[in-house]
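Worksheet: the structure to be examined is printed underneath.
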Amino acid sequence: MRHPGVVATPPEIAQKIVDVALSPFDGPPERLRVCDPAVGGGVFLIAAARHLVGRGADPELVARHCLFGMDVDPAAVQATRTALATDPGDHVRVGDALGEGWSFRFDAVVANPPFLNQLESASRRDAGLARRMRERFGDAARGYADTSTLFLLAALDLVQPGGRVAMILPESFLAARDAAPARAELARRAQLTWAWRSVEHVFDAGVRVCALAFTVGAPSGPATVERAAGARFASLPPISVDPARLAGGDGWSWLFPETVDAPEVDLDVTRTLGAHCRATADFRDQFYGLAPFVLDDGDDALDVPLYPRLVTAGLVDPARCLWGRRPTRFAGRRYVRPRVDLTRLRAESSLGSWASARLVPKVVLATQTRVLEPVVDEHGDWIPSVPTITVEARAGRLWHVAAALASPALSAWALHHHAGAALTADAIKLSARQVTALPAPAEGRDWDEAAQAFAAASHASSEGDWRTQLEHVGQATTRAHGLDAPDLVDWWVDRLPRWR
Ligand SMILES: C[S@@+](CC[C@H](N)C(=O)[O-])C[C@H]1O[C@@H](n2cnc3c(N)ncnc32)[C@H](O)[C@@H]1O
173 MRHPGVVATP PEIAQKIVDV ALSPFDGPPE RLRVCDPAVG GGVFLIAAAR HLVGRGADPE
233 LVARHCLFGM DVDPAAVQAT RTALATDPGD HVRVGDALGE GWSFRFDAVV ANPPFLNQLE
293 SASRRDAGLA RRMRERFGDA ARGYADTSTL FLLAALDLVQ PGGRVAMILP ESFLAARDAA
353 PARAELARRA QLTWAWRSVE HVFDAGVRVC ALAFTVGAPS GPATVERAAG ARFASLPPIS
413 VDPARLAGGD GWSWLFPETV DAPEVDLDVT RTLGAHCRAT ADFRDQFYGL APFVLDDGDD
473 ALDVPLYPRL VTAGLVDPAR CLWGRRPTRF AGRRYVRPRV DLTRLRAESS LGSWASARLV
533 PKVVLATQTR VLEPVVDEHG DWIPSVPTIT VEARAGRLWH VAAALASPAL SAWALHHHAG
593 AALTADAIKL SARQVTALPA PAEGRDWDEA AQAFAAASHA SSEGDWRTQL EHVGQATTRA
653 HGLDAPDLVD WWVDRLPRWR
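Heads up, the numbering used here is the position in the sequence shown plus 172, with the first residue counted as 1.
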């Protein structure tokens with residue numbers, strides 16, 4: 173049986189990560205102690221042995237003194253013992269690396285820990301483990317923090333001060349909101365020295381990865397981070413990184429600007445959209461709770477106030493709602509004109525007040541898209557479906573907020589700051605909180621003009637008109653961000669969805 177989160181690391185990738193972790197150490201290589209707390213078949217320990225022997229260490233001494241590992245799976249431990257030329261004895265043993273440890277500290281910890289997405293039931297921590305993890309790691313283990321994040325934090329306690337930790341992680345670690353407390357803890361307790369983003373899929377699992385290496389010990393100030401990208405570890409120029417920035421809330425995707433297909437934009441982050449709107453996301457409770465009350469109004473005959481339209485993310489394009497023009501899927505079913513039976517919803521479920529709160533003028537923002545895609549529900553008669561984000565503007569600012577969200581500047585910004593959160597490398601996915609934290613344009617004529625153009629695009633009846641008006645939105649909002657960047661608008665226009 174294949175266990176959740178268990179994917180073997182290709183040997184050349186393990187070797188690279190081990191070399192990064194061990195190269196900085198001077199002195200006799202056979203003195204170094206290296207641990208893989210999720211050892212699997214031993215690929216990292218084999219790579220460590222190769223590295224140390226390559227530096228002149230005696231292979232026997234390496235196997236007996238330098239290599240340590242643990243795995244919950246006895247078969248994995250046996251496989252590692254067999255794979256190493258000399259049996260490492262109980263240095264490689266069965267155990268839970270998140271629960272037990274060693275009586276001494278290592279020079280380096282290297283690993284590809286299990287990736288266990290807490291949003292999926294098959295990989296979710298049980299209640300007992302979740303409690304123990306919260307007791308041990310505090311905020312970093314709350315919410316939906318992936319289990320790999322906990323291995324990274326645990327590794328900080330396994331190495332001695334000045335020791336190295338190098339680990340493969342899901343790419344989402346760079347951007348996920350639930351990893352923010354862990355990122356902040358790491359920034360406080362260790363110095364990031366090396367970072368790699370795979371960009372492509374390098375494992376036979378549907379997940380993109382990154383790897384990070386740290387020197388353990390509180391950083392004293394900005395330091396140089398070596399960087400690489402892609403399956404062949406193409407090197408990127410080193411950058412100087414301030415630990416305060418790593419500890420901040422805007423993720424670590426900006427470590428790899430070259431890997432993002434978007435122009436870099438420098439925006440004033442002291443003004444945020446939160447001053448103009450509030451954003452809310454719905455979750456599985458609303459999604460599954462709504463499903464029994466959705467019906468298909470094939471003839472478009474139902475009384476609108478009692479049967480509001482259900483607008484899914486697939487029906488949203490920038491300044492266009494495709495409801496009734498395109499079929500859509502919701503909760504596994506196809507609909508031509510999905511509507512919600514409000515009377516029954518109010519009578520038979522607890523979602524009545526939720527629906528009333530959603531039935532207001534708003535911007536609906538799609539997610540997992542190549543550019544940010546806002547559309548305005550002028551009359552407040554749409555029920556937005558998960559995973560769209562509902563954005564309510566301050567009085568009189570609806571079109572302004574929609575235009576601001578549509579800005580090329582914000583799509584480029586979001587790709588750079590939140591890369592890795594979406595299902596595909598090239599898509600944007602923001603949480604509601606990240607939406608309100610986006611930089612706002614300056615008040616004034618340009619933003620007003622953009623708002624008017626966004627309204628015009630929303631009422632356009634032809635593709636040509638829609639595109640012209642959207643281009644206008646792009647230019648005016650870019651100016652309102654103080655940018656003179658025709659390339660940015662061109663880049664964005666190229667990424668706009670086709671007229672459907
Ligand atoms: C992604 S696999 C990596 C295996 C191997 N190190 C490699 O890179 O090919 C993760 C390994 O972690 C092990 N594992 C899962 N939970 C663990 C835990 N709490 N303590 C120790 N090992 C664990 C799994 O059995 C699996 O062998």
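Heads up, the beta-carbon is just placed ideally off N, CA and C, and yes, glycines get one too.
Just so it is clear, the structure is predicted and the values come from calculations on it, not from any experiment.
One question on the structure: do residue i and residue j come within less than 8 Å of each other, judged by their Cβ atoms?
{"i": "residue 649", "j": "residue 622", "result": "yes"}
{"i": "residue 234", "j": "residue 225", "result": "yes"}
{"i": "residue 351", "j": "residue 321", "result": "yes"}
{"i": "residue 677", "j": "residue 488", "result": "Past the boundaries of the shown model lies residue 677; the chain is included only from 173 to 672, so the question cannot be answered."}
{"i": "residue 485", "j": "residue 546", "result": "no"}
{"i": "residue 330", "j": "residue 277", "result": "yes"}
{"i": "residue 610", "j": "residue 442", "result": "no"}
{"i": "residue 384", "j": "residue 491", "result": "no"}
{"i": "residue 449", "j": "residue 596", "result": "no"}
{"i": "residue 517", "j": "residue 465", "result": "yes"}
{"i": "residue 481", "j": "residue 526", "result": "no"}
{"i": "residue 179", "j": "residue 375", "result": "yes"}
{"i": "residue 223", "j": "residue 256", "result": "no"}
{"i": "residue 456", "j": "residue 428", "result": "no"}
{"i": "residue 556", "j": "residue 579", "result": "no"}
{"i": "residue 590", "j": "residue 606", "result": "yes"}
{"i": "residue 196", "j": "residue 336", "result": "yes"}
{"i": "residue 435", "j": "residue 204", "result": "no"}
{"i": "residue 252", "j": "residue 241", "result": "yes"}
{"i": "residue 382", "j": "residue 323", "result": "no"}
{"i": "residue 462", "j": "residue 532", "result": "no"}
{"i": "residue 437", "j": "residue 581", "result": "yes"}
{"i": "residue 571", "j": "residue 502", "result": "no"}
{"i": "residue 357", "j": "residue 380", "result": "no"}
Give the single residue among the options whose Cα lies nearest to the Cα of residue i.
{"i": "residue 495", "options": "521, 520, 399, 468", "result": "468"}
{"i": "residue 201", "options": "221, 486, 449, 209", "result": "221"}
{"i": "residue 373", "options": "383, 366, 403", "result": "403"}
{"i": "residue 190", "options": "310, 180, 215", "result": "215"}
{"i": "residue 186", "options": "437, 285, 230", "result": "285"}
{"i": "residue 318", "options": "333, 332, 302", "result": "302"}
{"i": "residue 670", "options": "480, 343, 657, 638", "result": "638"}
{"i": "residue 393", "options": "624, 616, 364", "result": "364"}
{"i": "residue 497", "options": "567, 633, 315, 323", "result": "633"}
{"i": "residue 534", "options": "524, 567, 412, 511", "result": "567"}
{"i": "residue 672", "options": "259, 493, 367", "result": "493"}
{"i": "residue 315", "options": "332, 289, 325", "result": "289"}
Quick one: Cα of residue i to Cα of residue j, how far?
{"i": "residue 274", "j": "residue 401", "result": "34 Å"}
{"i": "residue 173", "j": "residue 243", "result": "In this predicted model, residue 173 has a pLDDT of only 35, less than 50, meaning its place in the structure is not dependable; the value taken from the coordinates is given anyway. Cα-Cα distance, rounded: 16 Å."}
{"i": "residue 549", "j": "residue 628", "result": "14 Å"}
{"i": "residue 446", "j": "residue 426", "result": "22 Å"}
{"i": "residue 631", "j": "residue 644", "result": "14 Å"}
{"i": "residue 663", "j": "residue 270", "result": "45 Å"}
{"i": "residue 471", "j": "residue 507", "result": "12 Å"}
{"i": "residue 440", "j": "residue 585", "result": "11 Å"}
{"i": "residue 338", "j": "residue 543", "result": "33 Å"}
{"i": "residue 312", "j": "residue 453", "result": "22 Å"}
{"i": "residue 577", "j": "residue 514", "result": "30 Å"}
{"i": "residue 183", "j": "residue 218", "result": "9 Å"}
{"i": "residue 583", "j": "residue 600", "result": "8 Å"}
{"i": "residue 655", "j": "residue 433", "result": "19 Å"}
{"i": "residue 389", "j": "residue 334", "result": "6 Å"}
{"i": "residue 227", "j": "residue 423", "result": "37 Å"}
{"i": "residue 538", "j": "residue 397", "result": "35 Å"}
{"i": "residue 562", "j": "residue 541", "result": "16 Å"}
{"i": "residue 304", "j": "residue 341", "result": "22 Å"}
Closer than 7 Å to a non-hydrogen atom of ligand 1 - does that hold for the CB of residue i?
{"i": "residue 134", "result": "In this structure the chain extends from 173 to 672, so residue 134 is not present and cannot be described."}
{"i": "residue 243", "result": "yes"}
{"i": "residue 213", "result": "yes"}
{"i": "residue 270", "result": "yes"}
{"i": "residue 298", "result": "no"}
{"i": "residue 281", "result": "no"}
{"i": "residue 181", "result": "yes"}
{"i": "residue 385", "result": "no"}
{"i": "residue 210", "result": "yes"}
{"i": "residue 327", "result": "no"}
{"i": "residue 342", "result": "no"}
{"i": "residue 248", "result": "yes"}
{"i": "residue 216", "result": "yes"}
{"i": "residue 284", "result": "yes"}
{"i": "residue 220", "result": "no"}
{"i": "residue 359", "result": "no"}
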